[in-house]
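Start counting the sequence shown at 27; every next residue gets the next number (my numbering). All C-beta atoms in this analysis are idealised placements derived from N, C-alpha and C, irrespective of residue type, glycine included. Owing to the predicted nature of the structure, the values given are computational and were not obtained by experimental measurement.
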Amino acid sequence: MSSRIKPAKIMLVSASIGAGHTQAAQAVKAAIENQGLATAEVVDFMAGENSYLNTLVKETYLKMIDIFPDMYDLLYRWSQMPRPGSKVQGLMAIAMKRSMLRLINAYRPDAIICTHPFPCGAAAYLKRTRRINLPLAGVITDFAVHRLWCYNETDLYFVATPELKQELAAQGIASARIHATGIPVGPKFILQPDVAAQTAFRASLGFTNSYPIVLIMGGGLGLGDLEQAVLAIDTLCLPLNLVVVTGRNATLRRSLLAKAKSLTHHIKVLGYTQHVPELMAAADLLITKPGALTISEALSRHLPIILCQAIPGQEEENAAYLTRKGAALRADSNHSLASLVYELLTHSERLNYMREMAAMLGRPTAAPTIATTVWQELFNAEAAAGR
Numbered sequence: 027m028s029s030r031i032k033p034a035k036i037m038l039v040s041a042s043i044g045a046g047h048t049q050a051a052q053a054v055k056a057a058i059e060n061q062g063l064a065t066a067e068v069v070d071f072m073a074g075e076n077s078y079l080n081t082l083v084k085e086t087y088l089k090m091i092d093i094f095p096d097m098y099d100l101l102y103r104w105s106q107m108p109r110p111g112s113k114v115q116g117l118m119a120i121a122m123k124r125s126m127l128r129l130i131n132a133y134r135p136d137a138i139i140c141t142h143p144f145p146c147g148a149a150a151y152l153k154r155t156r157r158i159n160l161p162l163a164g165v166i167t168d169f170a171v172h173r174l175w176c177y178n179e180t181d182l183y184f185v186a187t188p189e190l191k192q193e194l195a196a197q198g199i200a201s202a203r204i205h206a207t208g209i210p211v212g213p214k215f216i217l218q219p220d221v222a223a224q225t226a227f228r229a230s231l232g233f234t235n236s237y238p239i240v241l242i243m244g245g246g247l248g249l250g251d252l253e254q255a256v257l258a259i260d261t262l263c264l265p266l267n268l269v270v271v272t273g274r275n276a277t278l279r280r281s282l283l284a285k286a287k288s289l290t291h292h293i294k295v296l297g298y299t300q301h302v303p304e305l306m307a308a309a310d311l312l313i314t315k316p317g318a319l320t321i322s323e324a325l326s327r328h329l330p331i332i333l334c335q336a337i338p339g340q341e342e343e344n345a346a347y348l349t350r351k352g353a354a355l356r357a358d359s360n361h362s363l364a365s366l367v368y369e370l371l372t373h374s375e376r377l378n379y380m381r382e383m384a385a386m387l388g389r390p391t392a393a394p395t396i397a398t399t400v401w402q403e404l405f406n407a408e409a410a411a412g413r
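Structure, rendered in structure tokens:
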């Protein structure tokens, strides 16, 4: 570290629209602090105490994808077009600039890293209008680049894949500012557990047999029709174990626990858990909606994926990318979901192929790579000067 009078302070700005943006920010924070590069703080741009407007936008978004998903899909694609997209960019940035300025005044950071486009746009607007002069980085937490991410004032971008680097460069961002690091996941995903650790964790779940484990997740909020998916898979005449993570959806967890005794297969029902790395290491197959953070965690564990119930927009694009690369399959109904589970668990060569593709795509060291790059490219000149 440089001989600064005080350590550099980095503000990581997330948005609590689903759990993924915050998980990515926390992963980068852990990497920054583990490397001793700076101090870091994660703040929620959409929290009520920061801005009533931001909270209203968040609630509108969540209701739209739940009640009017086709309308959200239309707005997503419309705002991706050059002319309307640039207008939406400008309006959102202007509307949210005060929230960002309040956060900057409260935390006094030396640099800003955003894991959601809304705070990135607000910070970019403040730079463009010379209200601030802070280094700014964007961590794009999907396997697609929406136009709302694209600002010339952003000094560094971190994207999931080399293809996204090309796509972002095609939208006018200098290629030298874009790094294809992968999407940041927590430090527990970096090391691959050994067989003994996997066996011990299986036993802790109550699985003393050697049957395959099918892990079903609905994201941090427990979204999706998980109960019907479980019932469909339970009809299969196959030896298997089921683990279902319901997230913060307590009602769903209670309902599944009530049905567990009547199911054919052994099932473990979990609520919100900190043991996702261990669960993914023990599992043979993951069923989930295509949230980019869950996908990235699974890829880091070389875990084949069946994707279902994608939210229109970015999740559809995430699903398209993973299926195109061969690491995932898509199920458009509970019947097709059960059929895919049966096919994969009875054809080991196909499951192994998907596992190999997942291993090729996994980037478990994305967070430390981002931390190092931010330090070298945003603070290196200052460090060299010994300030």
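Test item: CB-CB of residue i and residue j under 8 Å
i, j, result
"L38", "I130", "no"
"V171", "T141", "no"
"I209", "T167", "yes"
"P33", "A64", "yes"
"L371", "A357", "no"
"D251", "Q335", "yes"
"H291", "N267", "yes"
"L289", "A384", "no"
"S125", "F71", "yes"
Status (buried if at least 16 other CB within 10 Å, exposed otherwise) for residue i
i, result
"V185", "buried"
"S156", "A small correction: the amino acid at residue 156 is Arg; Ser does not occupy that position in the sequence shown. That one is exposed."
"Q61", "exposed"
"G198", "exposed"
"H361", "exposed"
"C176", "buried"
"H373", "exposed"
"G232", "exposed"
"P188", "exposed"
Range covered by the alpha helix (DSSP H) that runs through residue i
i, result
"K315", "Note, K315: premise wrong, no alpha helix (DSSP H); not H, not E."
"S230", "221-230"
"Y347", "340-351"
"C146", "143-154"
Any C-beta of chain B under 8 Å from that of residue i
i, result
"M380", "Checking the listed chains, one finds no chain B in this structure; it contains a single protein chain."
Distance, residue j Cα to residue i Cα
i, j, result
"Q254", "P394", "39 Å"
"E67", "R134", "11 Å"
"T180", "H205", "13 Å"
"T398", "Q49", "19 Å"
"N8", "I332", "Lying outside 27 to 413, the shown extent of the chain, residue 8 is not represented and no answer is given."
"L257", "I242", "12 Å"
"L174", "G147", "7 Å"
"F144", "M306", "31 Å"
"E217", "N406", "Sequence inspection shows Leu at residue 217; the Glu mentioned does not correspond to that position. Approximately 29 Å between the Cα atoms of the pair."
"V211", "T391", "8 Å"
"K35", "N159", "15 Å"
Host beta strand (DSSP E) of residue i (start-end)
i, result
"C176", "Segment: none, C176 is in no beta strand (DSSP E) and carries neither H nor E."
"T187", "Where T187 is concerned, there is no enclosing beta strand (DSSP E), given that its DSSP letter is neither H nor E."
"T65", "65-70"
"H292", "292-296"
"L38", "35-40"
"H205", "204-206"
Distance cut-off 7 Å: residue i Cβ against heavy atoms of the ligand ZN
i, result
"A34", "No copy of the ligand ZN occurs in the structure displayed, which carries no ligand at all."
Decide if the segment 374-387 is in contact with the segment 265-275; the criterion is three or more beta carbon pairs, one per stretch, under 8 Å apart.
no
Would you say the segment 143-152 touches the segment 49-59, given that touching needs at least three Cβ pairs under 8 Å?
no
Whether or not the segment 338-354 and the segment 310-329 are in contact is what I'm after, with contact meaning three or more pairs of Cβ atoms, one per stretch, closer than 8 Å; do they touch?
By the Cβ criterion, the segment 310-329 is in contact with the segment 338-354, since at least three pairs of Cβ atoms, one from each stretch, lie closer than 8 Å.
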